[in-house]
Each structure stands twice: as structure tokens, then as C-alpha cells.
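Residue numbers (this note's numbering), protein chains in the order written: chain A, 69 to 588; chain B, 7 to 400.
Yeah, the Cβ is synthetic: ideal placement off N, Cα and C, and Gly gets one too.
Remember, predicted model here, so these are calculated numbers, not experimental data.
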């Protein structure tokens with residue numbers, strides 16, 4: 069250890085480079101280590117065997133000076149190096165050079181370059197050809213050597229967590245900000261500095277830049293709560309309908325914030341694609357936008373007209389309605405709830421679950437005789453059924469439980485308990501299920517028959533809760549950090565929480581993150 | 007790997023058997039390969055001198071450990087610590103306490119109910135007719151006002167559905183485009199550069215009292231509860247000089263309530279010409295005194311100095327120090343009337359109390375603080391004034 073950065077060559081490699089160059093090295097690499105073709109792979113399989121003992125494992129090496137394969141475990145390659153004075157050999161698993169005379173593996177800059185090139189060529193078109201691990205340059209190494217204090221985000225570290233001061237009824241904003249700060253996809257995007265601000269004319273007003281700064285604040289290690297006054301000012305400037313000092317809805321704020329972020333991602337110079345969500349590839353669209361398929365089936369000719377609309381969140385009806393305590397009749401037909409009923413003030417609310425709500429959401433709905441639609445197949449006005457299913461699943465799925473009811477008679481908050489899982493499979497609610505079936509029927513225990521059902525698995529990572537009545541209340545949230553640690557965020561106070569706390573909370577906004585994210 | 011052939015004649019089961027036998031070997035090779043790769047990585051980093059990069063300072067680790075104790079948050083700080091944080095308003099640059107930032111910003115950006123945005127807008131449109139709705143926005147008392155904002159872009163399930171008494175807020179927001187409000191936030195009046203005529207025009211529309219802090223005119227309406235009528239008079243006299251009297255004339259009118267509240271005259275010249283007028287003490291006034299009042303002079307000034315040419319500024323000041331409002335301009339609101347009524351009750355009561363009693367009818371109690379301030383300043387100079395002695399009786 070302790071050699072200079074950039075390589076630890078040995079004189080034998082230097083001599084090789086000067087005399088013959090690295091062509092032999094390259095040839096051996098491309099044929100026996102990083103094979104580019106099936107033919108090369110077959111050749112490798114057949115010829116990579118120790119010439120002395122016949123083993124195929126045990127760290128085979130290939131001599132650079134002659135055609136000899138020898139294993140390391142039985143010292144055959146070392147003996148060959150000594151006896152023939154062939155100093156250099158090549159490890160056949162990773163292409164690393166072994167200098168038998170020096171007795172160790174050596175790393176040379178030029179050799180490394182060739183290695184990288186060959187590896188790149190061999191893995192092109194496959195997923196293995198992805199990111200390259202970071203190797204510090206000599207400058208960086210120098211810096212690191214002179215600054216020995218280092219901070220690492222371990223599983224038990226507070227870095228990444230920070231409280232937010234309530235600026236005056238802004239708990240709704242704080243909760244949404246906490247949820248966004250702990251969205252893994254967003255965090256990785258901003259911490260790897262991928263945002264390029266296109267708001268050239270008004271760079272001070274870019275909400276995406278402000279978000280980037282927020283991430284820096286959260287990961288700064290600072291323990292005092294952050295005052296998000298600049299964020300509030302920006303949001304009020306760009307989303308006028310939200311502005312004003314009064315209590316607001318967290319869900320509304322979420323949608324408005326996404327909208328502003330989405331607009332700012334595109335910058336302020338190009339206005340032509342303003343309302344064309346399909347052509348945008350900004351981070352917000354990549355993370356939050358899903359596609360909701362709406363199928364309208366004409367009852368006469370059974371022709372289906374399909375549209376796909378983008379969505380950022382799914383608002384779910386809870387489906388529960390007041391049930392008189394003294395009567396067993398359920399006022400609304402067509403929903404199943406399995407669960408205990410809670411009796412409060414003489415009115416009974418049956419508890420439900422998130423999957424029940426989703427089933428209700430994706431159920432075919434008869435549109436009624438007053439809403440006849442002209443069918444494009446049979447060209448007549450017919451009654452029809454409409455069904456919503458998910459066509460494209462977003463990376464982050466946000467579910468909004470409609471707890472605030474505004475009917476002509478009253479305004480109230482529905483506090484029914486809705487159970488939601490930590491792991492959620494959205495396969496039953498996807499569009500392809502509907503395409504193959506005439507009626508949408510799913511029994512509770514039915515599993516999706518497609519083999520790749522892992523693709524639609526989601527994990528809960530943030531829950532926003534509302535406590536209070538429809539007129540006034542307080543928002544708090546639970547967020548997940550470090551895989552399995554949950555924290556409760558109430559403005560500037562962050563405390564540790566358990567999974568049980570989270571799952572037993574009321575739930576208003578539920579954020580789920582896709583477990584497997586595919587490459588483009 | 008030793009070779010094997012896929013001969014169709016071979017027994018399939020024995021083939022599979024053979025393959026199964028090799029499975030552990032395959033697995034072992036794969037695992038070995040992975041371990042070897044890891045070893046090379048570590049070896050390379052050691053050789054290249056980059057191995058230390060991953061080291062962590064144990065002291066730092068300890069510092070950032072999550073705390074999980076009752077009564078403490080994850081940073082180890084007590085949950086109930088009431089630390090005050092401050093921030094700088096991006097709009098006006100003032101330092102505001104963080105907990106009060108949102109209401110401040112609302113006013114600062116001209117979005118609240120009592121903000122100056124509407125009045126500023128009015129100033130800009132001073133040539134056009136104003137809509138009556140603007141004044142309504144300042145007033146808390148109107149119920150069920152016209153909802154100017156379409157609710158289409160608000161979700162039906164938000165807890166923030168407008169309540170009748172607060173829908174004016176939403177009306178405010180929609181009735182002004184963002185461009186307009188941005189303009190008006192900087193649209194304060196530069197009174198120093200204006201001519202007398204311009205000042206007159208402006209002062210006809212707005213309260214106009216110049217704030218000590220910002221040196222700007224208050225752009226609210228004449229019924230602005232934050233300022234009293236004598237302040238408005240003072241500023242008019244200051245800005246318009248002797249031309250003020252004509253301005254005050256135009257603005258004087260009475261409402262019935264005010265008249266009932268105060269036995270004193272609220273400049274009744276326009277409405278009740280034939281009824282005998284009383285002053286704030288309930289004494290009947292002569293025609294001369296009525297005229298003097300109408301002209302903005304206190305009747306004592308008229309009676310004490312028959313010449314009648316008292317410097318109106320000094321007189322007004324005297325009145326103010328006594329906590330007595332004259333029949334000020336635009337006294338059609340209950341504020342000034344009840345202010346004069348309560349002034350008649352006792353002069354020793356601070357102007358703050360009287361003004362706030364009047365103000366509380368039309369403004370939330372948070373205005374009281376500013377009133378009290380004025381009261382206190384008035385109190386101080388009270389004792390110096392010789393005119394006051396006449397009122398010591400009550």
C-alpha cells in the first residue's frame with residue numbers, strides 16, 4: 069500500500085509495453101476473458117484448462133509470453149513463470165496482470181485502459197454495460213488525503229432527515245416536502261446533480277433549483293430545522309390559486325407543486341409544448357406520471373373505445389356511507405367490505421382497505437340511460453359501461469383517499485379506518501387483465517398468472533395524515549428511510565416510529581415506490 | 007468442463023442426472039468468481055492508494071447517530087424546545103419571525119384581505135370607474151358575496167372549501183392577474199414628486215397616512231381602520247397646505263348610525279340642515295360654530311379668537327393631543343363617529359382606546375396594538391397643552 073495514485077506498475081510491465089506493446093494482451097483478453105461472440109465463448113470453454121493438472125477452476129492464468137494455461141492454486145503458473153522466466157500472466161476471470169517475478173498483481177494505467185475498453189465492447193447491449201465505478205483522480209486523492217474527516221450515511225445516521233419550520237399553517241406543505249425528499253428516485257436524481265436549469269430568464273424563480281437546494285439542506289447534516297420560506301414564496305408566486313395564509317389541502321398542494329416543477333423542468337423559453345404532457349421526459353414525468361386507461365363499452369355492439377390519460381395520483385372513494393346503527397341495510401350497493409364496523413355516535417362506519425378501494429375504482433361502471441354516448445362502432449347512442457384500469461404504472465404511485473366530503477347537505481371528514489399494506493401488488497388493477505376478459509372479476513385470493521408479477525410490486529415509503537375536522541386540522545407524515553426505518557415528521561419534530569404506527573394511522577395520502585425499475 | 011454429447015439415443019433421465027450432478031460445481035464456480043472479483047477490487051484499491059477513501063471518522067458517526075428516546079427527537083434535542091427562527095422576506099427584505107412568515111408574505115405580496123393590492127390597483131386605474139366590489143373586499147361584514155373565482159380548478163375533496171365569510175380571499179386572488187399584483191406590489195405612491203392637483207386626486211381615493219417606518223402612504227380606503235381621521239387630516243394638510251380645507255369639505259358626509267352614536271355633530275351640514283346642532287359635549291352650537299366645524303376648525307378656536315384665523319395645523323394638533331377627533335374627512339364609517347363619541351365621554355381616555363373601540367367594529371382585534379401606540383403618544387403631549395384645561399372637568 070501507499071504507492072502513488074494512478075497505478076502501481078512493475079518494471080516488467082513497463083518492459084513489455086516498450087518492447088511488444090499490449091497487443092498480445094488485448095488478443096488474449098478478447099478471446100479468453102471478455103469474449104465478444106458465442107464462438108469465442110465456446111473456444112474459451114474448451115481451451116481454458118490447466119496444462120499441468122487439468123483443472124478448470126482454481127484461478128486459471130494465461131501466460132503472456134507463450135501459450136500456456138496454468139492454475140494458481142496448485143502453483144503451476146508461478147512455477148512456469150520461474151522456470152521459463154515468463155514474468156507476466158493474465159488472470160482469466162478478470163484480466164488482471166500477475167507478475168510472477170514480483171509475486172503480486174500489478175495495475176498499470178495503460179493496461180487498465182485496455183481492460184476497460186475490452187469490457188465495454190464485450191458487454192455492449194447488455195445491462196452489465198451500465199455505470200462505471202468512480203475512481204478518484206490524483207487531484208481528488210490528494211484532497212481526500214489532506215482532509216481525513218469523513219461522513220458516511222450509515223443505517224443509523226440522521227443525515228438525510230431534517231425538520232421543517234411551520235411558517236404559519238404550512239404543515240400541509242411540510243408534509244409534502246418530506247414525502248418528496250424521501251422519494252428515492254428524486255433523491256438520486258438531485259444528489260447526482262442531474263438538474264440543468266432551463267429557466268434562463270428567471271433562474272432565481274426555478275422551483276426545481278429550489279428543490280435541489282432543499283436536498284442539499286437535508287443532506288448537509290445540519291440538525292436544526294430548515295425554514296422553507298423561499299419555497300413558500302416560489303410556490304405562491306407560481307401557483308396563485310394556492311396562495312394565501314389559510315389552511316390548505318395537502319393533496320392540492322402536491323398536485324400544484326408537481327405541476328410547477330414540471331413546467332419549470334421545461335424552462336421558460338419554449339412555450340410550444342406547454343400543454344403536451346406526452347412529449348415530456350422530465351424527472352417529474354419519469355417518476356410520477358402514469359397512464360390511466362378508460363374503456364367505454366357500448367352495450368349494443370360491445371365495441372370498446374379506449375383512451376389513455378396521464379395521471380399523477382389516484383383519488384379513491386372510500387365507498388363507506390352512513391349506516392344506521394339500528395338497521396342492517398347498507399345504503400350503497402355493490403361494494404364488499406370485510407372488516408369490523410365501528411360505531412361512533414350512533415353511526416356505523418365499516419372499515420375498508422386500500423385494495424378494496426382500488427377494486428372499486430377499477431370496476432366497470434354502468435353509465436346510466438341519461439348519459440348515452442355515441443358509439444364509434446355502431447354509430448348510435450347507446451348505454452355503455454366505463455372501466456378504468458392502469459395502463460402505465462408510475463415509479464411513484466400516490467393514492468389520495470377522499471376523506472373530505474362536500475355534498476349539498478353537509479361538509480364533513482370521513483374518518484373511517486382504511487387499512488393499507490406496506491407491500492402492494494398492482495397487477496390486478498392493470499389494463500392487460502381487462503383486455504383478455506369480458507367482465508372484470510377477481511376473487512380475493514387470485515394471483516396474477518403472468519410470471520413477471522414482480523414488476524408491479526410497490527413499497528410504501530410515505531404516509532401523510534390529517535388530524536382534525538374539515539374546517540381545521542393538522543398534517544403530519546410518516547416517512548421511510550434506510551429501507552426499514554420509519555420516522556414521524558411533525559413540522560420541525562422528527563421522531564422514530566414503528567411500522568405498526570404507520571399502518572395503524574388514518575392515512576390520507578399514500579406514497580408507494582416501485583420496487584423494480586427498468587432501464588429505458 | 008468435460009464434454010458431453012446430446013445424443014438422441016441416450017437415455018434422457020441419465021442425461022438429466024448427469025447435469026444435476028454438475029449443479030453444485032457450477033454454483034461453486036460462480037461463487038468463487040464473485041469472491042475473486044471482490045478481492046481484486048480491494049487489492050486494487052490498496053495498491054492504488056485509494057483504500058483509505060472509504061474510512062469513516064468514528065467521532066462523526068457518533069455525532070450523527072439517531073436518538074430514540076422519549077421526549078427527544080432523533081437529533082437528541084428536546085421535543086418541546088421553543089426556539090425562534092427568523093427569515094428574510096424575499097419580497098420586502100425585512101426580517102420576519104418564521105412562524106409569522108406566511109401571514110406576512112400574504113400581505114406583502116398583496117394577496118390577503120386587508121392588503122394594499124386592491125387600493126394600489128385602484129390608484130393605477132384612477133381614471134376609470136371603480137367597482138363597488140373593491141370596497142367590499144375590505145369589509146368583513148359582507149356575507150354571501152359574489153364568488154368571483156370559478157371553483158373548477160379546486161378539487162371537491164379539499165378541506166379548504168371556501169366559507170362564505172372568507173370567500174373574498176379567493177375573489178381577490180382571481181380578480182387580479184399575477185401580472186397586475188406584481189405591479190401593484192411596487193405601486194406605492196410617490197407623493198413628493200406629485201403636484202398639488204395630483205395629490206388631491208390621490209388623496210380623494212386613499213387613506214394616505216404616511217407611515218413612519220416606510221415613509222409611504224397608506225393605500226387603503228378612507229375607512230382604513232389602522233389610521234384615525236385626524237391622521238388623515240394631518241397628512242392632507244401637510245401635503246396640500248391651505249388647499250386642504252376644500253378637500254375636507256367635499257369628503258364630509260354623515261351616516262345615520264354615526265349621528266345616533268354621538269350627540270356631537272358629525273358635520274351634519276349636508277343631511278340635516280334644519281336640526282339644531284350639538285357639539286361633542288352636547289352643547290348647542292351657533293351657526294358660526296357649525297360653519298367653523300365644517301371648515302375643519304374646532305369651535306373653540308372660533309369662539310376664543312373671533313378673528314378665526316388660527317393656524318389650522320396647530321389647532322388640529324391640539325385636538326389630537328386631547329384625543330378628540332374633529333369631524334374628519336370621509337367620516338361615513340362608524341369608526342370616526344364612534345371615535346368622536348367616545349372622545350366626548352372622556353378626554354382623558356387615551357386616543358388609543360377610543361380609536362380602537364371604533365376600529366374594532368370594522369377590523370379584527372389585531373389592529374388594536376397599533377391604536378394603542380397612537381394613544382400613548384397622544385397621552386404624552388397632553389399635559390403640555392393649555393387648551394386642554396377646559397376639558398379637565400370630565
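>> Going by C-alpha to C-alpha distance, which of 99/B, 42/B, 247/B sits closest to residue 127/A?
In response: 42/B
>> Please report the distance separating the alpha-carbon of residue 381/A from that of residue 465/A.
In response: 6 Å
> Where does the unbroken beta strand (DSSP E) through residue 476/A begin, and where does it stop?
Replying inline: Taken as a continuous stretch (DSSP letters only), residue 476/A belongs to no beta strand (DSSP E), as it is neither H nor E.
> Between the stretch 279-313 of chain A and chain B, which residues of the former have a C-beta closer than 8 Å to a C-beta of the latter?
Replying inline: 289, 291, 292, 293, 295, 297, 298, 300, 301, 304, 305, 308, 309, 311, 312, 313
> In whole angstroms, what is the alpha-carbon distance linking residue 52/B and residue 176/A?
Replying inline: 14 Å
>> Does residue 208/A come out as helix, strand or coil in the three-state DSSP assignment?
In response: helix
>> In chain order, what are the residue ranges of uninterrupted alpha helix (DSSP H) at least 4 long that sit wholly in the stretch 127-205 of chain A?
In response: 144-152, 177-190
> Do the stretch 202-210 of chain B and the stretch 234-247 of chain B make contact, defined as three or more Cβ pairs closer than 8 Å?
Replying inline: yes
>> If contacts are defined as beta-carbon pairs under 8 Å, then residue 158/A and residue 132/A qualify, I think. What distance do you get, rounded to the angstrom?
In response: 6 Å
> How is the beta strand (DSSP E) around residue 92/B delimited, first residue to last?
Replying inline: 92-94
> CB-CB under 8 Å to residue 96/A, same chain, minus the five flanking residues each way: which ones, in chain order?
Replying inline: 130, 132, 158
> Grouping DSSP H, G and I as helix and E and B as strand, with all else coil, what is residue 423/A?
Replying inline: helix
> How would you write the range of the beta strand (DSSP E) that residue 566/A sits in, first residue to last?
Replying inline: Premise fails: residue 566/A is in no beta strand (DSSP E) and is neither H nor E.
>> Which same chain residues end up closer than 8 Å to residue 487/A when comparing Cβ atoms and leaving out the 5 residues on each side of it in sequence?
In response: 407, 419, 420, 421, 422, 571
> What does a CB cutoff of less than 6 Å around residue 139/B pick up in its chain, not counting 5 residues either side in sequence?
Replying inline: At residue 139/B, the pLDDT of 40 sits below 50, so the modelled position is not reliable; the number obtained from the coordinates is stated separately. Here the set comprises nothing.
> Going by the CB atoms, is the gap between residue 258/A and residue 585/A shorter than 9 Å?
Replying inline: no
> Less than 9 Å separating the beta-carbons of residue 63/B and residue 217/A?
Replying inline: yes
> Using a C-beta to C-beta distance shorter than 8 Å, which residues of chain B count as neighbours of residue 374/A?
Replying inline: Near residue 374/A there are no residues of chain B at all, since even the closest Cβ is about 26 Å away, more than 8 Å.
>> For residue 556/A and residue 549/A, I'd like the C-alpha separation in whole angstroms.
In response: 11 Å
> Taking all protein chains shown into account, do 16 or more other C-beta atoms lie within 10 angstroms of the C-beta of residue 271/A, making it buried, or fewer, making it exposed?
Replying inline: exposed
> Taking a cut of 7 Å between CB atoms, which residues from the stretch 224-252 of chain A lie near chain B?
Replying inline: 224, 225, 226, 227, 229, 233, 234, 235, 236, 237, 238
> Candidates 489/A, 364/A, 442/A, 369/A: which alpha carbon is nearest residue 434/A's?
Replying inline: 364/A
> Helix, strand or coil: how does DSSP classify residue 294/A here?
Replying inline: strand
> What does residue 209/A reach in chain B if we use C-beta pairs closer than 7 Å?
Replying inline: 55, 56
> In whole angstroms, what separates the C-alpha of residue 233/A from that of residue 295/A?
Replying inline: 5 Å
>> Is residue 219/B close to the ligand GDP? I mean its beta-carbon at under 8 Å from any heavy atom of the ligand.
In response: Judged by which ligands are present, the structure shown has none, so any question about the ligand GDP falls away.
> Is the CB of residue 220/A under 9 Å away from at least one CB in chain B?
Replying inline: yes
> Going by the CB atoms, is the gap between residue 376/A and residue 361/A shorter than 9 Å?
Replying inline: yes
>> Quick check on residue 263/B: does DSSP put it in helix, strand or coil?
In response: Any reading at residue 263/B must be qualified, since the residue scores a pLDDT of 42, below 50, and its modelled position is unreliable; the value itself is stated next. Three-state result, residue 263/B: helix.
>> Using a Cβ-Cβ cutoff of 9 Å, what residues of the stretch 18-42 of chain B are near chain A? List them in chain order.
In response: 31, 34, 35, 38, 39, 42
>> Please report the straight-line C-alpha distance between residue 440/A and residue 536/A, rounded to a whole angstrom.
In response: 41 Å
> Closest by CA to residue 309/A, which one among 213/B, 226/B, 112/B?
Replying inline: 112/B
>> On the criterion of 16 or more Cβ atoms from any shown chain inside 10 Å, does residue 305/A qualify as buried, or is it exposed?
In response: buried
> Residues in its own chain within less than 8 Å of residue 90/B by CB, not counting five upstream and five downstream?
Replying inline: 103, 104, 105
> Does residue 85/A get closer than 9 Å to chain B when you measure Cβ to Cβ?
Replying inline: no
>> One question on the structure: do residue 286/A and residue 228/A come within less than 9 Å of each other, judged by their Cβ atoms?
In response: yes
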